[in-house]
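The block underneath contains the structure these notes are about, expressed in structure tokens.
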Amino acid sequence: MTAPVGRELRAHALHALAAKDWAAKLLAVEALDTGARLDTEAVLEPPAVLPGRPERPELVAHTKIRTRSVRTTQGRAILIHALAHIEFNAINLALDIVWRFPGMPDPFYREWLVVAREEAYHFDLLRQHLESLGHAYGDFPAHPGLWNMAEKTRGDVLARLALVPRTLEARGLDASPLVREKLAQAGDAHGAGILDIILRDEIGHVAVGNRWYRHVCRERGLEPVATYADLQARHEAPRLKGPFNLAARRAAGFDEAEIEALLAG
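First residue of the sequence shown: 1, per my numbering; consecutive thereafter.
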């Protein structure tokens, strides 16, 4: 797919989302101009199949994903592949929120396109590291969990904001230090360094989700904490379990009422 010159920004995001080959998707994201023309009210017609993704990796239930000790090269490759798949899905999620939901303020779309670019950067860092371990993206099975929640929340921007950046991506804030430590203890300093970059940026991504979630709550006259609990139950989102990276969550904009609700379970 060639990058669409002069295309309206949300339409360009849909074009990038539909790209099947990972390299084509990265090129389409790189070509996004966050200062380009933006039609916030356009209702776009998607292709029959979204998101675009390569034939591999094979998508299987998370219960069928096998792990191995990260002290082996194969085990580290499996872990890095899993992280790369999460970042590939994160690219798609950021692109999807841009094209799918009309009627939001101009900065909403431009901020999520910056997120898409950073997710693409993360994916490419992990993909290159995976190659240094003798493997390529697609060599191992992966699970479709992140995109499944995108499907569940496709009809409501508030649910999407609540349950993707504020739930699934926020789980990454909790998990990142533990994964980083595993890689460091296994002698993979480069992999640990990539995790540092990802955690730094993901705090910002979750903050974008928090900011716009509260914006939509204010517009609809909703109380954020109670509304989150309702959306979590309605869409059968996973219940979050500790340990929690409270410092990162606070840096990402979760307030003390939300932290208390999180700790209360």
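Where is the CB? At the ideal position from N, CA and C, for every residue including glycine.
Classification of residue i by the beta-carbon crowding that lies within 10 angstroms, buried from 16 upward
| i | result |
| --- | --- |
| N89 | buried |
| G103 | exposed |
| A247 | exposed |
| R55 | The sequence given here has Glu at residue 55, not Arg. Label assigned to E55: exposed. |
| T72 | exposed |
| L126 | buried |
| E256 | exposed |
| P165 | buried |
| P107 | exposed |
| G265 | exposed |
| A28 | buried |
| I203 | buried |
| I272 | Residue numbering for the chain in the displayed model covers 1 to 265; residue 272 lies beyond these limits and cannot be assessed. |
| V5 | For V5, the pLDDT reaches just 46, beneath the cut-off of 50, and the residue's location in the model is therefore unreliable, leaving the point undetermined. |
| R249 | buried |
| P224 | buried |
| E118 | buried |
| T2 | Its pLDDT being 42, under 50, T2 is placed unreliably in this model, and the value from its coordinates should be taken loosely. By the neighbour-count rule (16 or more Cβ atoms within 10 Å), T2 is not buried but exposed. |
Distance between beta carbons of residue j and residue i, contact taken as under 8 angstroms
| i | j | result |
| --- | --- | --- |
| R76 | A186 | 6 angstroms |
| L183 | A192 | 5 angstroms |
| G52 | A18 | 4 angstroms |
| N210 | A150 | Not quite, the Cβ-Cβ distance comes to about 18 angstroms (not below 8 angstroms), so this is no contact. |
| L44 | R10 | 6 angstroms |
| W112 | V179 | Not quite, the Cβ-Cβ distance comes to about 25 angstroms (not below 8 angstroms), so this is no contact. |
Proximity of residue i and residue j at Cβ, strictly below 8 angstroms
| i | j | result |
| --- | --- | --- |
| H205 | V115 | yes |
| T167 | L262 | no |
| L26 | A120 | yes |
| L83 | V70 | no |
| H235 | K152 | yes |
| T34 | R110 | yes |
| L173 | L195 | no |
| W22 | N92 | no |
| A237 | L163 | yes |
| L38 | H81 | no |
| A16 | L95 | yes |
| P57 | A142 | yes |
| G138 | H62 | no |
| W212 | L133 | no |
| F123 | E87 | yes |
| E8 | A48 | no |
Where the alpha helix (DSSP H) containing residue i begins and where it ends
| i | result |
| --- | --- |
| F244 | Neither: F244 is in no alpha helix (DSSP H) and is coded neither H nor E. |
| A264 | E256 to A264 |
| G172 | A170 to Q185 |
| R127 | D106 to S132 |
| I197 | A189 to R220 |
| K152 | G145 to K152 |
| A90 | T73 to R100 |
| R66 | Looking at the DSSP string, R66 is not in any alpha helix (DSSP H), and its letter there is neither H nor E. |
| H135 | Careful: H135 lies outside any alpha helix (DSSP H) and carries neither H nor E. |
| T227 | P224 to R234 |
| E30 | W22 to E30 |
| V157 | V157 to L163 |
| R56 | No alpha helix (DSSP H) contains R56, which DSSP labels as neither H nor E. |
| L17 | L9 to A18 |
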